[in-house]
Amino acid sequence: MTSSSPSVEAAEDDFSVKMSVKHIRVAVIGNVDAGKSTLIGTLKSGILDNGRGQSRLLITKHKHEIDTGRTSTMTTHLIGYDEDGSVIQTLTNPNLAATARVQLKSDADIAAEADNLVSLVDLAGHEKYLKTTIHGISSGMIDYALVLVNANHGPNHMTRHHISLAVAFGIPIIVVLTKTDSCPSHSLKSTKDEIANIVRSSGVQKRPYQIKKMADATTVMEKMHALVPIVSISSVSGDGLDLLHSLLSVLPKRRRHQNKIGRNFEFLIDGVYNITGVGLVVGGFVNAGKAGVGDTVFVGPLNDGSYLKTAIKSAQISRTSVKSVISGNVAGLSLALSKDQRKMIRKGMAVLETPIPATRTFEAEMVVIKGSGVDGTTIKVGYNTMAHILHIKQNVKVEKIELIDDSQTMLDSEDEIVVRPGNRAKITFRFMKRKEFIRPGMRMLFRDGHVRGVGVISATVEEREDDVVAMMKSMLKE
Numbered sequence: 003m004t005s006s007s008p009s010v011e012a013a014e015d016d017f018s019v020k021m022s023v024k025h026i027r028v029a030v031i032g033n034v035d036a037g038k039s040t041l042i043g044t045l046k047s048g049i050l051d052n053g054r055g056q057s058r059l060l061i062t063k064h065k066h067e068i069d070t071g072r073t074s075t076m077t078t079h080l081i082g083y084d085e086d087g088s089v090i091q092t093l094t095n096p097n098l099a100a101t102a103r104v105q106l107k108s109d110a111d112i113a114a115e116a117d118n119l120v121s122l123v124d125l126a127g128h129e130k131y132l133k134t135t136i137h138g139i140s141s142g143m144i145d146y147a148l149v150l151v152n153a154n155h156g157p158n159h160m161t162r163h164h165i166s167l168a169v170a171f172g173i174p175i176i177v178v179l180t181k182t183d184s185c186p187s188h189s190l191k192s193t194k195d196e197i198a199n200i201v202r203s204s205g206v207q208k209r210p211y212q213i214k215k216m217a218d219a220t221t222v223m224e225k226m227h228a229l230v231p232i233v234s235i236s237s238v239s240g241d242g243l244d245l246l247h248s249l250l251s252v253l254p255k256r257r258r259h260q261n262k263i264g265r266n267f268e269f270l271i272d273g274v275y276n277i278t279g280v281g282l283v284v285g286g287f288v289n290a291g292k293a294g295v296g297d298t299v300f301v302g303p304l305n306d307g308s309y310l311k312t313a314i315k316s317a318q319i320s321r322t323s324v325k326s327v328i329s330g331n332v333a334g335l336s337l338a339l340s341k342d343q344r345k346m347i348r349k350g351m352a353v354l355e356t357p358i359p360a361t362r363t364f365e366a367e368m369v370v371i372k373g374s375g376v377d378g379t380t381i382k383v384g385y386n387t388m389a390h391i392l393h394i395k396q397n398v399k400v401e402k403i404e405l406i407d408d409s410q411t412m413l414d415s416e417d418e419i420v421v422r423p424g425n426r427a428k429i430t431f432r433f434m435k436r437k438e439f440i441r442p443g444m445r446m447l448f449r450d451g452h453v454r455g456v457g458v459i460s461a462t463v464e465e466r467e468d469d470v471v472a473m474m475k476s477m478l479k480e
């Protein structure tokens with residue numbers, strides 16, 4: 003979409019290309035007591051924890067998170083590695099590491115120095131915030147997942163649920179056993195055995211692989227589809243942190259979004275902000291194509307399915323102003339909109355090069371997964387649930403069910419097809435609130451408390467105006 007000269011365009015795109023091609027996103031998940039934020043703070047700063055959560059204070063912003071020790075939001079923290087795999091120093095003044103005046107380099111400085119970049123996405127571990135974690139995994143374009151397990155307590159039901167969530171999205175996992183400095187050897191062995199059983203179970207079907215030396219990181223690099231690396235670490239003593247850094251520095255980029263740069267521009271909105279002096283800024287992920295400052299784009303769909311025509315005023319990646327963004331970038335775009343138009347923008351919309359008709363009804367090939375407490379529940383026509391489709395989160399209703407394996411067809415007392423855990427089915431869903439921008443190939447899941455089913459959208463269903471009018475009339479009569 004941009005029209006700069008080739009030489010100028012190449013200079014402008016250096017940073018954007020780096021943040022697309024040499025940047026991976028790693029989700030950090032696990033139970034509430036596993037020490038996720040503490041580990042991230044230690045990995046990013048290089049400062050060991052004091053055993054009371056000092057490291058997490060370097061990355062925690064909200065007062066209630068500091069007071070409770072529980073992460074309730076999704077935050078992203080950038081770590082850089084040089085060409086030799088050594089971590090980039092993030093302290094602005096290493097001599098102050100032992101004092102309270104610690105300051106970390108900006109993401110822009112880290113990105114400028116690094117050869118490879120890893121964004122650690124800190125997600126909530128408490129069951130109370132499970133839906134936030136599900137949305138973070140769904141919308142975060144995650145390459146890998148670090149599943150943290152407290153070595154003293156072993157995996158619990160939330161650990162199993164987080165592993166199932168990552169597997170459902172096809173995300174390779176790395177198990178990190180934390181707090182090993184205070185863990186007796188028999189407890190550590192018991193925890194490793196439990197993890198090995200989970201990894202070998204029918205729901206995961208992979209082989210556990212202990213990372214004990216630097217060379218092991220290279221061994222598993224190209225075998226993440228079949229292996230689950232297990233690293234034992236302590237944020238207090240520092241044991242195992244060098245092995246974890248070695249593994250993170252060599253992980254290959256799994257999502258090849260840079261290959262979609264030739265498609266029409268597609269930016270998925272996951273955050274909306276009104277900034278004084280700037281105006282409306284939308285944050286999100288460039289899923290395809292390329293766009294530059296000054297380009298005309300369309301944002302929507304609005305509640306009526308239409309799009310607003312606007313222009314990109316400015317763009318930022320990792321708090322660095324850029325002239326253009328490309329497929330694979332996590333970016334913020336400032337859009338030229340009036341005060342009234344700004345009120346129409348919400349999470350779940352898209353910024354597109356050309357407007358694409360919004361969809362109310364769609365088909366998806368789904369697998370209903372097994373999980374604790376939900377195995378006895380059935381799904382049939384009329385079932386209402388919450389759907390997550392990348393950045394979109396909206397209630398949907400089941401309109402039609404076709405079991406893919408006819409031998410598993412089951413009927414209820416009213417001779418309606420029902421779907422139970424383990425079944426594969428083509429299900430027709432309908433958005434309950436508004437039309438959304440979706441297309442075949444997008445991965446989705448649906449949940450009612452816990453995740454119930456995962457799959458891929460196979461087709462969108464066009465609706466004739468007469469059908470919509472008839473439906474609205476019937477609703478009014480009711």
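Numbering (the working numbering), first residue to last: 3 to 480.
Even for Gly, the Cβ is constructed at its ideal location relative to N, Cα and C.
Every value quoted in this text rests on a predicted model; they were computed, and no experiment measured them.
Is the beta carbon of Val238 less than 8 Å from the beta carbon of Asp272?
The residue given as residue 238 occupies position 236 in the sequence shown. The residue given as residue 272 occupies position 270 in the sequence shown. Contact flag unset, no.
Quick one: what's Thr180 bridged to in DSSP?
If you number the sequence shown from 1, residue 180 lands on position 178. According to DSSP, Thr180 shares a beta bridge with Asn152.
With burial defined as no fewer than 16 other Cβ atoms inside 10 Å of the residue's Cβ, what is the status of Arg454: buried or exposed?
Reading the sequence shown from its first residue, position 452 is the one you call residue 454. Counting Cβ neighbours within 10 Å, Arg454 comes out buried, since at least 16 surround it.
Below 8 Å between beta carbons: does that hold for Ile419 and Val400?
Your numbering for residue 419 matches position 417 in the sequence shown. Your numbering for residue 400 matches position 398 in the sequence shown. With a cutoff of 8 Å on beta-carbon distance, Ile419 and Val400 are scored as not near each other.
Taking the straight line between their C-alpha atoms, what separation do you get for Asp111 and Ser316?
Taking the sequence shown and counting its residues from 1, the one referred to as residue 111 is at position 109. Taking the sequence shown and counting its residues from 1, the one referred to as residue 316 is at position 314. Computed Cα separation, rounded: 20 Å.
Helix or strand or just coil, what does DSSP make of Asn289?
Here residue 289 refers to the residue found at position 287 of the sequence shown. The answer is strand: DSSP assigns Asn289 an E or B state.
Give the straight-line distance between the Cα atoms of Tyr146 and Val383, rounded to the nearest whole angstrom.
Your numbering for residue 146 matches position 144 in the sequence shown. Your numbering for residue 383 matches position 381 in the sequence shown. Between Tyr146 and Val383, the C-alpha separation is close to 35 Å.
Quick one: using the 10 Å Cβ neighbour count with 16 as the cut-off for buried, is Pro186 buried or exposed?
Walking along the sequence shown from the start, residue 186 turns up at place 184. That one is exposed.
Tell me Phe439's beta-bridge partners as DSSP assigns them.
As a position in the sequence shown, residue 439 is number 437, starting the count at 1. DSSP, once it has assigned bridges, lists no residue as partnering Phe439.
If we ignore side chains and look at the alpha-carbon of each, how far apart do His188 and Glu224 end up?
Here residue 188 refers to the residue found at position 186 when the sequence shown is read from its first residue. Here residue 224 refers to the residue found at position 222 when the sequence shown is read from its first residue. Computed Cα separation, rounded: 32 Å.
Quickly, what does DSSP pair Ile231 with across the bridge? List them, please.
For the purposes of this step, residue 231 is identified with residue 229 of the sequence shown, where counting begins at 1. Residue identity check: residue 231 is Pro in the sequence provided, not Ile. In DSSP, Pro231 forms a bridge with Tyr211.
In the DSSP assignment, find the beta strand (DSSP E) that holds Leu80 and state where it starts and stops.
For this step, residue 80 is matched to residue 78 along the sequence shown. From DSSP, the beta strand (DSSP E) with Leu80 extends over Thr77 to Tyr83.
For Tyr275, which option in Ser336, Asn425, Asn261 and Ile263 has the closest C-alpha, if you only look at C-alpha atoms?
Position 273 of the sequence shown, counting from 1, holds the residue named residue 275. It is Ser336.
Is the separation between the beta-carbon of Leu405 and that of Asn425 shorter than 8 Å?
The residue labelled residue 405 in the question sits at position 403 within the sequence shown. The residue labelled residue 425 in the question sits at position 423 within the sequence shown. In this structure, the beta-carbon distance from Leu405 to Asn425 falls below 8 Å.
Let's test the definition: count the other Cβ atoms within 10 Å of the Cβ of Lys191 and tell me whether it reaches 16, buried, or not, exposed.
Sequence index remark: in the sequence shown, residue 191 carries index 189 (1-based). Lys191 is exposed by the Cβ-count criterion.
Measure the CB-CB distance between Val1 and Ala313 and report whether it falls below 8 Å.
The question about residue 1 has no answer, for the chain in this structure spans 3 to 480.
Is the beta carbon of Asn266 closer than 8 Å to that of Thr356?
Taking the sequence shown and counting its residues from 1, the one referred to as residue 356 is at position 354. Taking the sequence shown and counting its residues from 1, the one referred to as residue 266 is at position 264. Yes.
Is Asn331 buried or exposed, if buried means 16 or more other CB atoms sit within 10 Å of its CB?
Translated into positions along the sequence shown, residue 331 becomes position 329. Answer is buried; the Cβ neighbour count reaches 16.
Taking the straight line between their C-alpha atoms, what separation do you get for Phe433 and Arg257?
By one-based count along the sequence shown, residue 433 stands at place 431. By one-based count along the sequence shown, residue 257 stands at place 255. C-alpha separation (whole angstroms): 28 Å.
Within this structure, are the beta carbons of Arg449 and Ile200 separated by less than 8 Å?
The residue given as residue 449 occupies position 447 in the sequence shown. The residue given as residue 200 occupies position 198 in the sequence shown. No, these two residues do not count as a Cβ contact at 8 Å.
Could you give the first and the last residue of the continuous alpha helix (DSSP H) run that contains Thr312?
The count along the sequence shown starts at 1 and reaches residue 312 at position 310. Per DSSP, Thr312 belongs to no alpha helix (DSSP H); it is in the beta strand (DSSP E), Leu310 to Ile319.
Could you tell me the distance, in whole angstroms, from the CA atom of Leu282 to the CA atom of Gly334?
The residue given as residue 282 occupies position 280 in the sequence shown. The residue given as residue 334 occupies position 332 in the sequence shown. When the Cα atoms are used, Leu282 and Gly334 turn out to be separated by approximately 10 Å.
When you compare only the Cα positions, how much space is there between Phe171 and Val456?
The residue given as residue 171 occupies position 169 in the sequence shown. The residue given as residue 456 occupies position 454 in the sequence shown. A straight line joining the alpha-carbon of Phe171 with that of Val456 spans about 8 Å.
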